[in-house]
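Input: a single structure, listed below in structure tokens.
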Amino acid sequence: MPSVHFVYPPSPLFQRGEDRCQSNISASTATTVRACNDLGAGAAVLRNLGYAVSVKDYQTESLTTADLLNDLNGVDVLFVSTTNATIFDDLKIVRTVKAKFPKLVVILKGAIFFDPEDALVARLDLIAVDYLIGGESDFIIGALMTAHYHGGAYPDGILYKKDEQWLKTDFSKWHEDLDALPFPARDLMNNALYVRPDTQEPQATISTSRGCPARCLFCLTPHISGRKLRLRSPESIYAEMKECFDKYKIRNFFFKSDTFTYDKNWTIRLCDLISQSDLKGKIAWVANSRVNPIDFETLQKMKQAGCWLVAFGFESGSPDTLQKARKGTTVEQNLAAAKMAKKAGLKIYGFYLVGFPWETKEHLRQTADLMKKINADFVELHLAAPFYGTELHDLAKRDGLIDETVLGKDYFNAPTIGTNFLSIKELQAFRKKTLLKYHLRPSYILKKLAQGAFHPRVLKNYARFGFKLLADCLKRSA
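Heads up: the sequence shown at position 147 corresponds to 147 in this note's numbering, and the numbers run straight through without jumps.
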């Protein structure tokens, strides 16, 4: 059977497996790179079909293109996970690879290829690429390999070449049975690379659901995963946790879900299953949540089951922005969710966005004020990125705010040329100033010192993230 090598190519650190986020780890405040589950999942699928498979995260291991080339001897297929920010660099590497291994089949996977505009595909030098996967690669890869090697129809969710033209299959369907997928092939993944930010202990990422019913105009999820919430069974999730704990000695987990608490009954079922198992008290985990729907009972159950942190997309302190962005939440709900989480004993990671086309200095001020009121344990302030496929992209394009060269290394620092009222430099300066003021507050520093007083490793990592933030802000202002 053919040999398939699944890779994150050499590059700076980005969340490559997070099609929704794709954030720049180096420019983030307190984030570590997450496990390469998209690679491990594809490898598990193909291994079950008899293929020889391997997995390597070149970016996180700080390896080079030369290392990649050395690993490709005897490989038949190269699977590359890409992002909006790294696409040009990744394509350059792929061209280098193809020049040395002209018979190698190259597959690129990324959200950028989900039902893309013809103009976008035409902008990219894809001469060295054979297939593009924009759909759910773990459901697609097996059928794609079968079609390539044995003929037959191509699966939905891809682009393929015919007579030097790129053709699309259907991008309108999603797979319902997430339990049907095998667990990622963690025996092929370097699990020690992926750690919990505060303790630096190994942390596994476990996908719990796909899709989101919300209608946020900036989010990729409805575009690439659909508006229907598709849930794994609590039993399947628990079984994967148990495998990680027993086989790989991993006790920290990130539950990857666009909205972990949307279905209260499901969330409580999972929490009860964990709380009544022999993992109770031995594991710790984090999850994302909307601020609506959420309630204190659910947060209590999460805490009892080992959750130590909940990440909320507060997004904005401006009622106008929350309404126009169709977030479906209010400033009051932001404050209430944070209050309930704190009461339940959970730490909070707050995510905020600025730079929407309509935003002025007043919108930004309101967001900075909300950040201080909520006083989350960790915060990130991103510039709103107009991903292809989102309504925000259409708005930014309509208003002439998108620079056509936006794809590439600076995508998260300068995703647009600004808003209709503020320049990109003003947005960048606001982000830097706001993050510095937030983290340099005496009360915040004292809180971190208190949290780390009896945990030297945690205190050390808090200090490391603080110095990293300071250095990054000073570098960007130089």
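Just so it is clear, CB atoms sit at the ideal spot from N, CA and C, and this is done for glycine as well.
Computed from a predicted model, the values in this text were never measured in an experiment.
Looking only at its own chain, which residues have a Cβ that is under 8 Å from the Cβ of residue i, when we skip the five neighbours before and after it?
i           : result
residue 436 : 469, 470, 473
residue 453 : 459
residue 7   : 39, 55, 56, 57, 58, 68, 78, 79, 80, 81
residue 178 : 207, 209, 210, 230, 231, 232, 236
residue 136 : 157, 174, 175, 210, 225
residue 332 : none
residue 140 : 133, 155, 156, 157, 158
residue 283 : 241, 245, 251, 252, 253, 274, 306
residue 301 : 267, 268, 271, 272, 275
residue 46  : 4, 53, 141, 142, 145
Run through the DSSP bridge pairs and tell me what residue i is partnered with.
i           : result
residue 269 : Answer is none; residue 269 lacks a bridge partner.
residue 133 : 109, 158
residue 56  : 7
residue 393 : Per DSSP, none; premise fails for residue 393.
residue 418 : 423
residue 77  : 4, 105
residue 383 : 354
residue 231 : 209
residue 24  : 14
residue 378 : 349
Can residue i be considered in contact with the ligand NAP, in the sense that its beta carbon sits closer than 7 Å to one or more heavy atoms?
i           : result
residue 189 : Of the ligands one can find in the structure shown there are none, so the ligand NAP has no counterpart to examine.
Output needed for residue i: all residues of its chain with C-beta closer than 6 Å, excluding positions within five of it in sequence on either side, in chain order.
i           : result
residue 105 : 77, 130
residue 479 : Coverage of the chain is limited to positions 1 through 478, which leaves residue 479 absent and any answer about it impossible.
residue 478 : The predicted position of residue 478 is uncertain, since its pLDDT is 47 and thus under 50; a value taken from the coordinates is nonetheless stated next. No residues qualify anywhere along the chain.
residue 16  : 8, 81, 83
residue 294 : 261, 337
residue 370 : 317
residue 49  : 142
residue 353 : 315, 382, 384
residue 72  : 101
residue 115 : 171
residue 95  : 128
residue 238 : 273
Taking 7 Å as the limit between beta carbons, can you name the residues of its chain near residue i, skipping five residues before and five after?
i           : result
residue 98  : 104, 106, 128
residue 386 : 392, 393, 396, 402, 415, 416
residue 132 : 108, 113, 158, 159
residue 120 : 388
residue 62  : none
residue 183 : 44, 240, 243
residue 256 : 205, 206, 207, 208
residue 373 : 335
residue 430 : 354, 364
residue 523 : There is no way to answer for residue 523, as the model of the chain reaches only from 1 to 478.
residue 123 : none
Just to confirm the assignment, what range does the beta strand (DSSP E) spanning residue i have?
i           : result
residue 37  : It is not in any beta strand (DSSP E) - residue 37 instead sits in the alpha helix (DSSP H) that spans 37-48.
residue 252 : 252-256
Let's see if you can read the secondary structure: which residues bound the alpha helix (DSSP H) around residue i?
i           : result
residue 447 : 442-451
residue 92  : 87-100
residue 373 : 361-374
residue 223 : 221-225
residue 68  : 65-71
residue 119 : 118-123
Check: Is it a yes or a no for the region 317-329 touching the region 266-281, going by three-plus beta-carbon pairs under 8 Å?
Finding: no
Note to self: Tell me whether the region 341-351 and the region 395-404 touch, counting them as touching only if at least three CB pairs, one residue from each stretch, are closer than 8 Å.
What the structure shows: no
Check: Which runs of the alpha helix (DSSP H) spanning at least 4 residues fall entirely within the region 280-359, listed in chain order?
Finding: 296-304, 319-324, 331-343
Check: In the region 148-218, which residue ranges form an unbroken beta strand (DSSP E) of at least 3 residues, counting only runs that do not cross its ends?
Finding: 158-162, 165-168, 203-207
Note to self: For the pair the region 174-194 and the region 236-254, tell me if three or more CB-CB distances fall below 8 Å.
What the structure shows: yes
Note to self: For the pair the region 352-368 and the region 418-426, tell me if three or more CB-CB distances fall below 8 Å.
What the structure shows: yes
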